[in-house]
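Keeping their order, the protein sequence lines are chains L and A. Residues 0 to 341 in numbering that gives the first Met the number 0 are what the first sequence spells out, letter by letter. Residues 0 to 104 in numbering that gives the first Met the number 0 are what the second sequence spells out, letter by letter. Notes to accompany the following structure.
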Amino acid sequence: MIQTDLIIIGAGPVGLFTVFEAGLLKLRCHLIDILPQPGGQLNEIYPKKPIYDIPGLPSILAKDLTTNLLEQIQPFDPGFSLGERAETLEKTDEGEWQITTNEGTVVRGKVVVLAAGLGSFEPRKPPIPGLPRFEGKGVDYFVKDPEKYRDKDILIAGGGDSALDWTLDLVDIARSVTLVHRRTEFRGAPDSIEKMLKLAEAGRVNLRRNAQVTDVLGDDDGLKQVIISSEEFGEFGQDIDYFIPLFGLTPKLGPIENWGLETTKEGIRVSLPYYETNVPGIFAVGDSNTYEGKLKLILCGFHEATLMVQRAFQYIHPDKKLSFKYTTVMGEQGLLQKAQSL
Amino acid sequence: MIQINIVDREGVEHTLEAPTDMHMNIMELCKAYEFPVKGTCGGMAMCSTCHVYVLSDTPLPEMGAEEEEMLDQAFFVDARSRLGCQLMINEAMDGLQLQLAPESD
Ligand SMILES: Cc1cc2nc3c(=O)[nH]c(=O)nc-3n(C[C@H](O)[C@H](O)[C@H](O)COP(=O)(O)OP(=O)(O)OC[C@H]3O[C@@H](n4cnc5c(N)ncnc54)[C@H](O)[C@@H]3O)c2cc1C
Ligand code: FES
Chain L
0 MIQTDLIIIG
10 AGPVGLFTVF
20 EAGLLKLRCH
30 LIDILPQPGG
40 QLNEIYPKKP
50 IYDIPGLPSI
60 LAKDLTTNLL
70 EQIQPFDPGF
80 SLGERAETLE
90 KTDEGEWQIT
100 TNEGTVVRGK
110 VVVLAAGLGS
120 FEPRKPPIPG
130 LPRFEGKGVD
140 YFVKDPEKYR
150 DKDILIAGGG
160 DSALDWTLDL
170 VDIARSVTLV
180 HRRTEFRGAP
190 DSIEKMLKLA
200 EAGRVNLRRN
210 AQVTDVLGDD
220 DGLKQVIISS
230 EEFGEFGQDI
240 DYFIPLFGLT
250 PKLGPIENWG
260 LETTKEGIRV
270 SLPYYETNVP
280 GIFAVGDSNT
290 YEGKLKLILC
300 GFHEATLMVQ
310 RAFQYIHPDK
320 KLSFKYTTVM
330 GEQGLLQKAQ
340 SL
Chain A
0 MIQINIVDRE
10 GVEHTLEAPT
20 DMHMNIMELC
30 KAYEFPVKGT
40 CGGMAMCSTC
50 HVYVLSDTPL
60 PEMGAEEEEM
70 LDQAFFVDAR
80 SRLGCQLMIN
90 EAMDGLQLQL
100 APESD
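Have a look at this one:
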């Protein structure tokens, strides 16, 4: 079990900056994110786009903003559970919040901060009837352990980097690899495309372009066959052990929807000035919240996080009074001392 | 002002007045009329939540590489598919007929 002060769900820019502001008040943080890397939308959707409206930074690439935020919070040494989805919320007998992830990690703290953005990034599932029936029984939306596919017949669908990379990685492990792509051209790193095409020419990858998987067939034991519809060959079946559709990720509110929080279609409703939800001790900041005048901007999320931690402090230290200090007054030494005393 | 027809996801047809002088695209038009179009990426051809089918033979701007690549990852795509956010509203679009593509999972 992990014990902390603030449990932050979401390691996007706002979740990350929350660690800094909490750190100034000597509060410890643990972040949970379904993505394997921090940065939220910045790193998952537009890492190489320049952002122009971060005060004091005329232009900064999204991924560089994440790198800078990580450097800024590094002295406060936050905990991270990456690649895990916050699944359930409970109140313990001692009055703390307890969050359990889909991987079984348990995190306890007095305050929960939802910096969950537009939701947890989940794989996009192609609209194939019957697909849900075989999830985990032959249909995988991401590759966790390549060894699982040793000496199996697998079929990967998609035309981007992850489809190409896994094709290249699994070709030496699986018995056969088929790559199905809807168009002729692939997007993705040119050298991966070239490598894949070479393998296809050599007959090691079974490449099907201008084709789509339209149906999945099997029985209670799992997936047995996929139906492929191809411009060139029409519709036909192919026996396989695993079907791995790789069509990128999309944010979904997910389990948080069932936590009893008041939400609208714009997000989780919070009260001002502390961005607290209808449940005391649970806050929502950044893209995940909504209130009158809300703008879904990074800079607004930073501001919300700064005010929110002032109130979070009272939940953690009800008998202490906060004194306000500029970071310039603390100086680097002061910041470090704070961080070390956490 | 021009007129654009949009068939929503329930099959109901709507005629919308669309301004041509506000540098607005079809995704933004849909949002302005409160259609259930998310526009998650803000119109950067990076999410496909603004996917529409073009039903009329109205002349439209050519598809750029970014639009083509995004449609490539979208679902329910066919020859009529476009991303609404890449269709900047202009005079030549008067009478354009569109249908919202189904929302994908
Ligand atoms: C293409 C594009 C361009 C943009 N340009 C700008 C711009 O120029 N300026 C600007 O200010 N803003 C811009 N934005 C908006 C900006 O990216 C968001 O405001 C910002 O990312 C919000 O940060 P956040 O930390 O609140 O949420 P996010 O960045 O969405 O991060 C939330 C994180 O929470 C995780 N999460 C959610 N639920 C769970 C759960 N249950 N378990 C585990 N993890 C979970 C998600 O996986 C995600 O990583 C842009 C957005 C896009 C898509
Ligand atoms: S709004 Fe995201 S692709 Fe058009």
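Even glycine gets a Cβ: it sits at the ideal position worked out from N, Cα and C.
Inset, instruction - Please confirm whether any heavy atom of ligand 1 lies closer than 7 Å to the CB of C28(L). - result: In the first sequence, counting from the first residue as 1, residue 28(L) sits at position 29. Relative to the non-hydrogen atoms of ligand 1, the Cβ of C28(L) never comes closer than 7 Å to any of them.
Inset, instruction - Report the neighbours of I44(L) on chain A: residues whose CB is nearer than 9 Å to its CB, in chain order. - result: Taking the first residue of the first sequence as position 1, residue 44(L) is located at position 45. Under the 9 Å cutoff, chain A gives T39, C40, M43, M45 and C46.
Inset, instruction - Step through the CB atoms of chain L and report whether any lies within less than 8 Å of the CB of S80(A). - result: Here residue 80(A) refers to the residue found at position 81 when the second sequence is read from its first residue. Residue contact with chain L for S80(A): absent (no Cβ-Cβ distance below 8 Å to any residue of chain L).
Inset, instruction - For F301(L), name the three-state secondary structure that DSSP assigns. - result: The residue labelled residue 301(L) in the question sits at position 302 within the first sequence. In the structure shown, F301(L) adopts helical secondary structure according to DSSP, grouped into three states.
Inset, instruction - Go through its chain and collect everything with a Cβ distance to E291(L)'s Cβ below 6 Å, but skip five positions before and after it. - result: Working through the first sequence from its first residue, we reach residue 291(L) at position 292. Nothing listed; no residue qualifies.
Inset, instruction - Consider the Cβ of F246(L): report whether some Cβ of chain A lies at a distance smaller than 8 Å. - result: Here residue 246(L) refers to the residue found at position 247 when the first sequence is read from its first residue. Judged by the 8 Å Cβ criterion, F246(L) is in contact with chain A.
Inset, instruction - Classify R174(L) as buried or exposed, calling it buried when 16 or more other Cβ atoms lie within 10 Å of its own Cβ. - result: Along the first sequence, read from residue 1 onward, the residue named residue 174(L) stands at position 175. Under this definition R174(L) is an exposed residue.
Legend entry - Which residues DSSP lists as bridging V111(L), in chain order: If you number the first sequence from 1, residue 111(L) lands on position 112. Beta-bridge partners assigned by DSSP to V111(L): I6(L) and I281(L).
Inset, instruction - Quick one: list the residues of chain A neighbouring L23(L), beta-carbon separation under 9 Å, in chain order. - result: Within the first sequence, the letter at position 24 stands for residue 23(L). None at all; the shortest Cβ gap to chain A is about 32 Å.
Legend entry - Beta-carbon spacing of P74(L), L335(L) below 8 Å: For the purposes of this step, residue 74(L) is taken as residue 75 along the first sequence, with counting starting at 1. For the purposes of this step, residue 335(L) is taken as residue 336 along the first sequence, with counting starting at 1. Yes, the Cβ-Cβ distance between P74(L) and L335(L) is below 8 Å.
Inset, instruction - Give a single yes or no on whether M45(A) has its beta carbon closer than 7 Å to a heavy atom of ligand 2. - result: What you label residue 45(A) is simply residue 46 of the second sequence in a count that begins at 1. Answer for M45(A): yes, Cβ within range of ligand 2.
Inset, instruction - May I ask whether a heavy atom of ligand 2 can be found less than 7 Å away from the beta carbon of C105(A)? - result: This structure gives no information on residue 105(A), because the portion of chain A shown stretches from 0 to 104.
Inset, instruction - Just the C-alpha distance for V13(L) and L81(L), rounded to the nearest angstrom, thanks. - result: The count along the first sequence starts at 1 and reaches residue 13(L) at position 14. The count along the first sequence starts at 1 and reaches residue 81(L) at position 82. In this structure, the alpha-carbon of V13(L) lies about 16 Å from that of L81(L).
Inset, instruction - On the DSSP bridge assignment, give the partners of C28(L) in chain order. - result: Locating residue 28(L) in the first sequence gives position 29, where the first residue counts as 1. L5(L).
Inset, instruction - Give a yes or no on contact between the region 203 to 211 of chain L and the region 228 to 237 of chain L, applying the rule of three or more CB pairs nearer than 8 Å. - result: The region 203 to 211 of chain L, when compared against the region 228 to 237 of chain L, does touch it at the 8 Å Cβ threshold.
Inset, instruction - Kindly give me the distance between the Cβ atoms of C46(A) and V36(A), rounded to whole angstroms, as I take these residues to be in contact under 8 Å. - result: As a position in the second sequence, residue 46(A) is number 47, starting the count at 1. As a position in the second sequence, residue 36(A) is number 37, starting the count at 1. That pair is no contact at about 11 Å.
Inset, instruction - Closer than 6 Å by C-beta to F120(L): which residues in its own chain qualify, once you throw out the five before and the five after it? Chain order, please. - result: Here residue 120(L) is taken as the residue at index 121 of the first sequence, counted from 1. Cβ within range, chain order: I33, L34, E43, L248 and P250.
Inset, instruction - Step through the CB atoms of chain A and report whether any lies within less than 8 Å of the CB of G55(L). - result: Translated into positions along the first sequence, residue 55(L) becomes position 56. Not one chain A Cβ lies under 8 Å of G55(L).
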